[in-house]
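Here the numbering used here is used: the first residue of the sequence shown is 91, the next is one more, and so on.
Each residue gets a CB set at the ideal place from its N, CA and C atoms; glycine is no exception.
To keep things clear, I will list the structure first and then write my remarks on it.
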Amino acid sequence: MLFTTVSLLALPLLSLASPITSRQAVCSSSSTVVKMDYYQGYMSPSNCGVDVSSGNITANVCTNMVTQGVNVFPSDSKNCVFTLWRGVTDCSGTPDSTYDLTVGGSAQCVGTGVWEPQWYHGSGKLTCEC
């Protein structure tokens with residue numbers, strides 16, 4: 091009888107706790123795509139050089155850098171970070187720099203360190219909040 095009473099008293103507590111512990115955030119940030127322009131003649135973060143091409147970068151996908159600079163735009167709905175690796179094309183090792191891309195913020199002009207893609211390598215990856 092005591093066991094039954096304790097079980098009945100604990101039942102509402104278990105049902106209250108159950109939804110909280112079973113809920114987990116599902117992250118689909120890999121579907122985030124933002125605009126990225128490519129530049130030659132990069133000088134500084136305020137002088138990206140000559141715009142030579144336009145494209146997109148997808149979150150959580152390593153992108154091989156082939157120009158001296160890129161201008162990475164913020165997402166319309168998620169805060170993101172662009173991470174740059176110099177000397178590698180596969181986003182491995184320790185990154186060289188990171189750039190915050192907040193919703194409503196400005197695009198970031200990034201010097202990639204790539205002058206001739208045959209000899210100087212770089213890669214970048216966009217990561218966004220869930």
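Burial state of Asn161 (16 or more Cβ within 10 Å): buried
query: To the nearest whole angstrom, what separates the beta carbons of Gln158 and Gly177, a pair I think is in contact under 8 Å?
result: Between Gln158 and Gly177, the beta carbon gap of about 15 Å keeps them out of contact (Cβ cut-off 8 Å).
- prompt: What span of residues does the beta strand (DSSP E) with Cys218 cover, start to end?
  reply: 212–218
- prompt: Name the DSSP bridge partner or partners of Asn137?
  reply: Answer is Ser134, bridged to Asn137.
query: How should Gly214 be labelled, buried or exposed, when 16 other C-beta atoms within 10 angstroms of its C-beta is the threshold for buried?
result: buried
field: Supposed close pair Thr173, Asn154 - CB separation, criterion 8 Å
entry: Rounded to whole angstroms, the Cβ separation of Thr173 and Asn154 is 14 Å, and the two are not in contact under 8 Å.
- prompt: DSSP state of Ser165, grouped into three classes?
  reply: coil
- request: Assign Ser121 to one of three DSSP states: helix, strand, or coil.
  value: Three-state DSSP puts Ser121 in a helix.
field: Helix, strand or coil at Thr148 according to DSSP, with G and I counted as helix
entry: strand
Separation of Cys218 from Asp149, as counted between CA atoms: The question names Asp, yet the displayed sequence has Ala at residue 149. Cα to Cα, the separation comes out at about 7 Å.
query: Grouping DSSP H, G and I as helix and E and B as strand, with all else coil, what is Ser143?
result: strand
query: Span of the beta strand (DSSP E) holding Trp175?
result: 170–176
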